[in-house]
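**Student:** Chains as they are written, first to last, in the numbering used here: chain A, 34 to 236; chain V, 34 to 236. Cβ coordinates follow ideal geometry from the N, Cα and C atoms, glycine included. The structure's right below; bear with me while I get my questions together.
Protein chains: 2
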Amino acid sequence: MESRQNIGFPEVTLRLPGWVGALVAEENRTYPTVKERMRFAVGLSRLNVRNGTGGPFGAAVFERETGRLLAPGVNLVVGSGCSVFHAEMVAIMVAQRAVGTFDLGGESLPDYELVATTEPCAMCLGATPWSGVRSLVCGARDEDARAVGFDEGAKMSEWAGSLEDRGISVERNVLREEAVGVLQEYAERGGEIYNSRRGGDRS
Amino acid sequence: MESRQNIGFPEVTLRLPGWVGALVAEENRTYPTVKERMRFAVGLSRLNVRNGTGGPFGAAVFERETGRLLAPGVNLVVGSGCSVFHAEMVAIMVAQRAVGTFDLGGESLPDYELVATTEPCAMCLGATPWSGVRSLVCGARDEDARAVGFDEGAKMSEWAGSLEDRGISVERNVLREEAVGVLQEYAERGGEIYNSRRGGDRS
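So this is what it looks like as structure tokens:
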């Protein structure tokens, strides 16, 4: 069967840009506080813009207790040609591959935390419970992303509560100003704000 | 930089099971009616269960006008160790890779239709507008999936309207009974219903 598997249907590979590995190699890969974790994620978002590898969004999965970095993520939608590759999705996919399971909340595993430089869009919000992370930390707010033209999708106003109902704690506004700064830098550079041309409703 | 890119961070590869290519090679790859498209997707879901390659969900992206198959998808969560690999996400990712763009709604492209054997969970719902498809066709209902123990995530009750607000037409209940039959077959075989152990809220 192996020889037939690709008849007309390509494989899809998610690959972090080279600069991510280089950045992390310079750091100690342990980020004890939530602010340190967010600062790392904001750094990813900024370098993603400056290196031209994607949109102004960064994320990372950490061991919640120790702060050890498990997986970084950056928005790779345009460069990878894949609308799924938002920063949070990339971090989740790389984290699960690193651990070797679809469920980061598995019983033999430490608790994991997802840190995202902007509050999740509807897709990333929906993906969060399935990932198995036990907490979500956000920087910029929905409205900050919308202010520069990004579309967050159709989210319930009580989205944070919907995660907490599932045992996922949510912390917001962590280094919000720094995260917003990268959104603004991207907009000022004239970065592509994709797919937001469609649909009048940005609720 | 290339040599540094994987320092500690693995690549993630999405690969359709071999039997998908074999199945499609036997068919003419054009499905003029919505029912034919759904019948193909239900066939994928059934074979995914019987071949032991994943959960009871199938999806596919078609050229809307001609019915030409662009990309099939099946649930590959457990086997691939990736919670993102729901059938709809797989079909979208393979379709975008086949076309070479993150936006299936691009101006030089035909309209594309996403056919899914069960109404989308919160993640796949959120992913649909970003994909660029212009229509969504569903078989089994949310409540059918919940009836066998699957968790659809926290969705707005007016989720179909939220897509239509963005110019994506939604058709529901297409071959619902056949699609439900595969959900039930999976449950009767004792298939793994993952992640639904967490969170009391299955709304």
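So, under 8 Å CB-CB, residue 102 of chain V and residue 130 of chain V are touching, yes? Tell me the CB distance rounded to an integer number of Å.
**Tutor:** No, residue 102 of chain V and residue 130 of chain V are not in contact; Cβ-Cβ is about 15 Å, not under 8 Å.
**Student:** Report, in whole angstroms, the separation of the C-beta atoms of residue 94 of chain V and residue 124 of chain V, which I expect to be a contact under 8 Å.
**Tutor:** Right, their Cβ atoms sit about 5 Å apart.
**Student:** Quick one: Cα of residue 151 of chain A to Cα of residue 200 of chain V, how far?
**Tutor:** Going from the Cα of residue 151 of chain A to the Cα of residue 200 of chain V covers about 26 Å.
**Student:** Under a CB-based cut-off of 8 Å, is residue 44 of chain A close to chain V?
**Tutor:** It does: the Cβ of residue 44 of chain A has a partner Cβ on chain V nearer than 8 Å.
**Student:** Output yes if chain A places a C-beta closer than 8 Å to the C-beta of residue 182 of chain V; else output no.
**Tutor:** Closer than 8 Å: no.
**Student:** What's the gap between the Cα of residue 60 of chain A and the Cα of residue 163 of chain A?
**Tutor:** Straight-line Cα distance between these residues: approximately 30 Å.
**Student:** Which class does residue 195 of chain V belong to by DSSP, given the choice of helix, strand or coil?
**Tutor:** Residue 195 of chain V: helix per DSSP, three-state reduction.
**Student:** So that I know if they touch, is there some Cβ in chain A lying closer than 8 Å to that of residue 135 of chain V?
**Tutor:** Answer yes: the Cβ-Cβ gap between residue 135 of chain V and chain A drops below 8 Å somewhere.
**Student:** Counting Cβ pairs, one atom from each stretch, are 3 or more of them under 8 Å apart for the stretch 137-149 of chain V and the stretch 180-189 of chain V?
**Tutor:** Short answer: they don't touch.
**Student:** May I ask you to list the residues that DSSP assigns as paired with residue 145 of chain A?
**Tutor:** Answer is A:96.
**Student:** Return yes when the Cβ of residue 107 of chain V is within less than 8 Å of the Cβ of residue 207 of chain V, no when it is not.
**Tutor:** No, the Cβ-Cβ distance between residue 207 of chain V and residue 107 of chain V is not below 8 Å.
**Student:** Under 8 Å: do the stretch 215-224 of chain A and the stretch 187-203 of chain A share three or more Cβ pairs, one atom per stretch?
**Tutor:** Taking 8 Å as the limit for Cβ pairs, the verdict is that the stretch 187-203 of chain A does not touch the stretch 215-224 of chain A.
**Student:** Per DSSP, residue 168 of chain V is paired with what?
**Tutor:** Paired residues: V:146 and V:202.
**Student:** Any chance you could list the alpha helix (DSSP H) runs of at least 4 consecutive residues sitting entirely within the stretch 60-134 of chain A, in chain order?
**Tutor:** Entirely contained in the stretch 60-134 of chain A, the alpha helix (DSSP H) runs reaching 4 residues are, in chain order, 67-83, 110-113 and 120-132.
**Student:** Expressed to the nearest angstrom, what Euclidean distance is found between the alpha-carbon atoms of residue 203 of chain V and residue 194 of chain V?
**Tutor:** Roughly 8 Å between the two C-alpha positions.
**Student:** Quick check: is the beta carbon of residue 104 of chain A nearer than 8 Å to any beta carbon in chain V?
**Tutor:** It does; some Cβ of chain V falls within 8 Å.
**Student:** Assign residue 155 of chain V to one of three DSSP states: helix, strand, or coil.
**Tutor:** Looking at residue 155 of chain V - three-state DSSP - the assignment turns out to be helix.
**Student:** Less than 8 Å separating the beta-carbons of residue 91 of chain A and residue 120 of chain A?
**Tutor:** Yes, Cβ-Cβ distance for residue 91 of chain A and residue 120 of chain A is below 8 Å.
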